[in-house]
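Sequence positions in the sequence shown follow this note's numbering and run 32 to 326.
Here a beta-carbon is modelled for each residue, glycine too, at the ideal position from N, C-alpha and C.
Bear in mind that the values here come from a model prediction, so they are computed numbers and not experimental data.
In what follows, a single structure is set out as structure tokens and then discussed.
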Amino acid sequence: MSITAITILTSYETHPMQPIKLSHHPPGSPTATPVIIVTDSRHEKRNAFTGTMATELEWAFTTLDRDERVKVIIVTGAGDTFCAGADLDIGFLENKQERPIDHRDSCGRVALAIHRCRKTTIVAMQGSAVGVGMTMTLLATIRLAHQGNKYGFVFARRGITMESCSAYFLPHLIGYSRAMYLVSTGQVLNPASMYFNGLFAGAFPQRKQVLVRGLELADEIAQNISPMAAVLNRALMWRGPDSAEEAHLLDSSVLAHIRKAFFRATLEEHGPENYPWWAEVNVDRKPAVAEGPKL
32 MSITAITILT
42 SYETHPMQPI
52 KLSHHPPGSP
62 TATPVIIVTD
72 SRHEKRNAFT
82 GTMATELEWA
92 FTTLDRDERV
102 KVIIVTGAGD
112 TFCAGADLDI
122 GFLENKQERP
132 IDHRDSCGRV
142 ALAIHRCRKT
152 TIVAMQGSAV
162 GVGMTMTLLA
172 TIRLAHQGNK
182 YGFVFARRGI
192 TMESCSAYFL
202 PHLIGYSRAM
212 YLVSTGQVLN
222 PASMYFNGLF
232 AGAFPQRKQV
242 LVRGLELADE
252 IAQNISPMAA
262 VLNRALMWRG
272 PDSAEEAHLL
282 DSSVLAHIRK
292 AFFRATLEEH
302 GPENYPWWAE
312 VNVDRKPAVA
322 EGPKL
């Protein structure tokens with residue numbers, strides 16, 4: 032799916048979607064709040080990932096990225112499971128006739144939507160997660176987990192390969208050695224395992240505490256963090272250059288600009304002249320070439 036037009040809604044709670052639900056925090060507000068909660072409500076299927084879910088998540092992150100009222104997005108799941116991975120009963124390829132080189136996996140579309148979203152994203156993983164349930168969280172700013180559940184990258188045990196850009200993000204977050212262990216064994220582990228190496232910013236003994244802590248962090252960030260500084264700091268790390276010298280030149284130019292700005296500055300109105308400083312890669316499918324009449 033390619034989103035070409037964005038409509039900013041007055042209220043996200045009244046927007047009909049299924050299985051993804053959007054809600055305001057605090058609840059009851061007739062208009063969008065600084066903190067928006069995105070909930071996977073397919074709890075009867077352990078929130079297993081589907082193409083419909085991918086489309087709704089991609090729309091949600093693309094839209095919330097453009098809404099200046101929104102500062103923080105929280106992602107969570109309904110029930111006792113955060114996400115049981117892809118729904119293998121449905122499968123992956125939406126178009127069975129397409130060539131593998133033309134395929135864009137739906138999990139990766141969601142991952143890129145989260146990655147490109149300029150709002151702070153907190154994932155409150157109130158239950159177990161495997162597969163895409165883990166990989167799509169790697170793009171988030173902060174991950175929180177439940178001590179009584181297990182998490183894992185189980186691709187090899189299911190005979191499939193990594194998705195959601197996880198081959199790039201996982202080793203960058205926890206190191207290549209630990210990433211190799213997790214992917215090669217396919218083990219599901221407690222969030223305190225040494226192999227996760229700080230992937231989670233916190234793990235809590237009671238399930239309900241995960242979302243509670245996520246909301247506390249979201250409120251703190253929405254009230255105390257400069258939106259423009261947050262965006263630029265994340266970009267400096269994920270979109271940074273390859274050497275210390277190049278990093279010095281880049282962060283010097285960004286710092287020289289942002290120190291002139293005020294706390295509530297927005298990227299659209301007050302961003303650095305060199306933003307974005309990276310070249311976007313076009314991941315859209317190449318249009319098919321129709322064969323003409325044979326001469």
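Can you check which of these residues, the options, is closest to residue i by C-alpha distance?
{"i": "P61", "options": "E75, M156, R73, H46", "result": "H46"}
{"i": "D136", "options": "D71, C196, R295", "result": "C196"}
{"i": "W90", "options": "I51, F80, S72, R100", "result": "I51"}
{"i": "M225", "options": "Q237, I205, Q240, Y306", "result": "I205"}
{"i": "L175", "options": "N313, G82, Q49, R238", "result": "R238"}
{"i": "T297", "options": "S283, M259, D273", "result": "M259"}
{"i": "E87", "options": "V312, A234, V243, Y43", "result": "Y43"}
{"i": "V66", "options": "G217, I105, A278", "result": "I105"}
{"i": "S257", "options": "T192, V103, L119, L281", "result": "V103"}
{"i": "R100", "options": "L143, T41, M48", "result": "T41"}
{"i": "T152", "options": "I37, V262, D273", "result": "V262"}
{"i": "G302", "options": "M84, G162, R149, G229", "result": "R149"}
In whole angstroms, what is the alpha-carbon distance linking residue i and residue j?
{"i": "F227", "j": "I39", "result": "37 Å"}
{"i": "A63", "j": "V185", "result": "37 Å"}
{"i": "G110", "j": "S72", "result": "8 Å"}
{"i": "N255", "j": "E247", "result": "12 Å"}
{"i": "L53", "j": "T70", "result": "6 Å"}
Determine the DSSP secondary structure at residue i, reduced to helix, strand or coil.
{"i": "A310", "result": "coil"}
{"i": "V161", "result": "strand"}
{"i": "C114", "result": "strand"}
{"i": "S283", "result": "helix"}
{"i": "I205", "result": "helix"}
{"i": "L213", "result": "helix"}
{"i": "G323", "result": "With a pLDDT of only 48 at G323, under 50, the local geometry of the prediction cannot be trusted, and the value read off the model is given with reservation. Coil at G323, not helix or strand."}
{"i": "S137", "result": "helix"}
{"i": "I37", "result": "coil"}
{"i": "R290", "result": "coil"}
{"i": "G82", "result": "helix"}
{"i": "G183", "result": "strand"}
{"i": "R316", "result": "coil"}
{"i": "A223", "result": "coil"}
{"i": "F231", "result": "coil"}
{"i": "H177", "result": "strand"}
Any heavy atom of the ligand GTP closer than 7 Å to the beta-carbon of residue i?
{"i": "D71", "result": "For the ligand GTP, the structure offers nothing, since it holds no ligand at all."}
In terms of DSSP beta bridges, what is residue i paired with?
{"i": "Y199", "result": "Note: Y199 sits in no beta bridge, so no partner."}
{"i": "H121", "result": "With the sequence shown as reference, residue 121 is identified as Ile, and His is not the correct amino acid for it. Its beta-bridge partners do not exist; DSSP assigns none."}
{"i": "V69", "result": "L53, V106"}
{"i": "A155", "result": "T107, L175"}
Quiz prompt | Cβ contact check for the region 193-213 and the region 279-293: 3 or more pairs under 8 Å | solution = no
Practice problem: Decide yes or no for the touch test of the region 146-163 against the region 171-186: beta carbon pairs closer than 8 Å, at least 3 of them. | Solution: yes
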